[in-house]
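Participant: Final position of the sequence shown in this note's numbering is 477; the numbers increase by one with none missing.
Every residue gets a Cβ at the ideal spot worked out from N, C-alpha and C, and that includes glycine.
For clarity, every value in this text was computed on a predicted model and none was experimentally measured.
I have a structure here, written as structure tokens, and I will follow up with some questions on it.
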Amino acid sequence: MHCRRGLLRLAVLIAIGASGAGRVDAQAIEGPLRVFYTGHSFHMFVPARIEQMAQVAGLDYQHAGKQGIGGSKVIQHWELATDKNQAKAALETGKVDVFTMACHLMIPDPGIDNFAELGLKHNPKLRLIVQCSWVPFDMTSLEQRIDDNAQRDSTDLDALQAASDAWRKKVEAQADAINARHGRKAVALVPAGDAVLELRRLVAAGKFPGVNKQAELFRDPIGHGLAHVQELASYCNFAVIFRRDPQGLKLAATGIDPQQEAILQRIAWQTVSKYPYAGLTTNDQAAE
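In structure tokens, the structure reads:
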């Protein structure tokens with residue numbers, strides 16, 4: 190039985206390699222990998238998509254649970270009542286390999302530190318991953334935000350990138366402090382917001398087939414993503430979780446055609462692979 194399963198996995202991996210998804214980082218994760226997810230509505234569509242991606246890629250993956258709170262800061266997950274706090278309970282077993290969080294604009298967030306301390310206490314090899322999402326309401330400043338989804342096509346994307354960079358640098362500083370404290374790169378970041386901005390630039394330039402306006406990527410002014418944004422963010426998470434290039438994966442994504450899928454995979458890998466905080470480097474020591 191084990192032999193048959195191994196041969197099947199080998200056949201899947203050969204097929205993926207032939208399709209172009211065989212490009213793997215030097216520290217690519219082979220599994221088994223137990224992943225627990227926490228986050229808000231810009232992140233909690235990720236678990237189901239990661240499960241499909243891992244299956245198609247033939248990876249040894251286990252969904253270890255999830256805990257979603259709408260519009261949440263990470264500290265809200267930490268402070269959830271004990272009888273409802275599945276995240277803490279999972280970490281305390283020591284049987285989680287990857288733990289995801291999705292940060293809010295409020296940074297530093299003590300919840301990230303708290304989950305890192307708890308998780309690493311019970312599993313010193315735990316990897317903690319924080320998704321840096323796209324800025325809600327296209328806020329280029331505290332005073333400048335959109336009131337209607339259609340206004341997205343008038344947003345200054347360079348100004349939005351600057352606002353996103355300034356916020357992300359705060360997350361990076363918090364990750365640096367945690368990693369220095371533990372002597373290794375325990376916390377990695379997913380640059381989903383940067384990837385979404387790149388997708389928006391392609392749409393604005395008329396270079397993303399089938400989508401004519403940036404507003405078509407979202408369902409409301411807050412910034413809840415539709416299929417293309419959700420798929421792109423999930424590919425970014427896949428790349429960081431598994432340290433693996435998603436290009437070439439053949440998925441059955443509703444509302445996304447193969448040409449669009451290929452572009453989303455390319456954006457995700459290019460964004461993640463060049464981002465130092467994604468944790469794809471071969472050096473697992475904390476930065477000095």
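Report the CB separation of Val376 from Ala428 in whole angstroms; it is logged as a contact under 8 Å.
Facilitator: Between Ala428 and Val376 the Cβ distance is about 16 Å, and since that is not below 8 Å, they are no contact.
Participant: Where do the ends of the beta strand (DSSP E) carrying Phe225 lie?
Facilitator: It spans Leu222 to Gly228 - the beta strand (DSSP E) in which Phe225 sits, taken as one unbroken run.
Participant: Could you tell me the distance, in whole angstroms, from the CA atom of His483 to the CA atom of Thr282?
Facilitator: Only positions 190 to 477 of the chain appear in this structure, which leaves residue 483 out of reach.
Participant: What is the C-beta distance between Phe326 and Pro236, in whole angstroms, given that I count them as a contact (C-beta under 8 Å)?
Facilitator: Going by Cβ atoms, the distance from Phe326 to Pro236 rounds to 25 Å, so no, they are not a contact pair.
Participant: Where Ile490 and Ser261 are concerned, what is the direct C-alpha to C-alpha distance, given to the nearest angstrom?
Facilitator: Residue coverage of the chain in this structure runs from 190 to 477, which leaves residue 490 outside it and unanswerable.
Participant: Count the other C-beta atoms from every protein chain shown that fall within 10 angstroms of the C-beta of Ser322, then say buried if there are 16 or more, exposed otherwise.
Facilitator: Ser322 is buried by the Cβ-count criterion.
Participant: Who pairs with Thr289 in a beta bridge, going by DSSP?
Facilitator: According to DSSP, which records beta bridges pairwise, Thr289 is partnered with Tyr226 and Ile318.
Participant: Here's the rule I'm using: 16 or more other beta-carbon atoms within 10 Å means buried, otherwise exposed. How should Arg223 be labelled?
Facilitator: Answer is buried; the Cβ neighbour count reaches 16.
Participant: Under a three-way DSSP split, which group does His252 fall into?
Facilitator: In this structure, His252 counts as strand in the three-state DSSP scheme.
Participant: Run the CB neighbour count on Thr443, radius 10 Å, all protein chains shown included, and call it buried at 16 or more, exposed below.
Facilitator: With fewer than 16 Cβ atoms within 10 Å of its Cβ, Thr443 is classed as exposed.
Participant: Anyone know if the C-beta pair for Asp345 and Ala404 falls short of 7 Å?
Facilitator: Going by C-beta atoms, Asp345 is not nearer than 7 Å to Ala404.
Participant: Output needed for Gln170: all residues of its chain with C-beta closer than 7 Å, excluding positions within five of it in sequence on either side, in chain order.
Facilitator: With the chain covering only 190 through 477, there is no way to say anything about residue 170.
Participant: In angstroms, rounded to a whole number, what distance separates the CA positions of Ala355 and Pro297?
Facilitator: Answer to the nearest angstrom: the Cα atoms are 13 Å apart.
Participant: Quick one, are the C-beta atoms of Phe304 and Phe225 less than 7 Å apart?
Facilitator: Their beta carbons are not under 7 Å apart, which means Phe304 does not touch Phe225 by this criterion.
Participant: So, helix, strand or coil for Val379, using DSSP?
Facilitator: Note: Val379 maps to strand in three-state DSSP.
Participant: Identify whether Phe427 lies in helix, strand or coil by the three-state DSSP scheme.
Facilitator: Correct three-state label for Phe427: helix.
Participant: Let me know the alpha helix (DSSP H) ranges lying completely inside the stretch 318-395, each 4 residues or longer, listed in chain order.
Facilitator: Those alpha helix (DSSP H) runs which fall completely within the stretch 318-395 and span 4+ residues are 346-371 and 381-393.
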